[in-house]
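I have placed the structure first, in the form of structure tokens, so that the comments after it can refer back to it.
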Amino acid sequence: MDEYDYDLYDEEPYLIVENREGSSIGPFIIGLALGAGIALLMAPQSGEETRRDIADKVSRAKDAARDAVSELGDVIGNTLEEAREKVETGVESAREAVDVRRRRVHTAVEAGRVAARQARADLELRLAESKAAHIES
303 MDEYDYDLYD EEPYLIVENR EGSSIGPFII GLALGAGIAL LMAPQSGEET
353 RRDIADKVSR AKDAARDAVS ELGDVIGNTL EEAREKVETG VESAREAVDV
403 RRRRVHTAVE AGRVAARQAR ADLELRLAES KAAHIES
């Protein structure tokens with residue numbers, strides 16, 4: 303049985319911080335709300351002043367959220383437009399490649415037809431010569 307030195311391990315909780323790429327709208331709004339709440343608790347004001355401050359902070363938060371949503375909409379719109387352009391470019395490239403290959407196949411088929419006609423004509427000529435030689439002999 304293995305023995306462990308439990309003194310090496312502390313029982314303190316660990317804090318794990320994750321860095322996620324993407325929009326920071328959610329954390330921004332949460333930070334805004336927390337900041338407003340702390341400001342209200344820390345500043346001694348009359349009820350009227352507090353209500354006015356709350357209304358002002360709510361208005362600013364709404365404006366910030368509206369701006370963030372608008373910005374996010376612009377980013378999404380731009381991303382979709384770029385994706386659409388890439389798809390269109392890819393489709394156009396594929397169409398051009400198919401058209402080139404179609405023309406090559408058509409050319410090859412036509413060359414095959416010409417070669418087949420020539421081979422048939424040669425074969426008919428040889429057959430006629432063979433018959434003529436057979437009749438003469």
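Going letter by letter, the sequence shown gives residues 303 to 439 in our numbering.
For each residue, glycine too, the CB sits at the ideal point set by N, CA and C.
Do A357 and I331 have their beta-carbon atoms positioned less than 9 Å apart in this structure? Position 29 of the sequence shown, counted from the start, is the residue given in the question as residue 331. Position 55 of the sequence shown, counted from the start, is the residue given in the question as residue 357. Using a Cβ distance threshold of 9 Å, I331 and A357 do not count as a contacting pair.
What three-state label does DSSP hand S432 in the structure shown? Counting from one through the sequence shown, the residue named residue 432 turns up at place 130. Helix.
Reduced DSSP category for M303 - H, G, I as helix; E, B as strand; rest coil: Here residue 303 refers to the residue found at position 1 when the sequence shown is read from its first residue. Legend: pLDDT at M303 = 48, less than 50; position of this residue unreliable, value from coordinates given subsequently. Looking at M303 - three-state DSSP - the assignment turns out to be coil, as it is neither helix nor strand.
Tell me whether the beta-carbon of L334 lies closer than 9 Å to the beta-carbon of A363. As a position in the sequence shown, residue 334 is number 32, starting the count at 1. As a position in the sequence shown, residue 363 is number 61, starting the count at 1. Yes, they are a contact pair.
According to the Cβ coordinates, are K359 and A341 closer than 9 Å? Counting from one through the sequence shown, the residue named residue 359 turns up at place 57. Counting from one through the sequence shown, the residue named residue 341 turns up at place 39. Going by C-beta atoms, K359 is nearer than 9 Å to A341.
With a threshold of 8 Å on Cβ separation, who are the neighbours of D365 within its own chain once the five nearest residues in sequence on each side are excluded? Position 63 of the sequence shown holds residue 365. None.
So for S361, helix, strand or coil by DSSP? Translated into positions along the sequence shown, residue 361 becomes position 59. In the displayed model, S361 falls within a helix according to three-state DSSP.
Could you check the C-alpha separation between R422 and R428 for me, to the nearest Å? To locate residue 422, count along the sequence shown from 1; it is residue 120. To locate residue 428, count along the sequence shown from 1; it is residue 126. Near 10 Å, if we compare the C-alpha coordinates of R428 and R422.
C-alpha distance - R397 paired with A435, whole-angstrom precision: Position 95 of the sequence shown, counted from the start, is the residue given in the question as residue 397. Position 133 of the sequence shown, counted from the start, is the residue given in the question as residue 435. C-alpha separation (whole angstroms): 56 Å.
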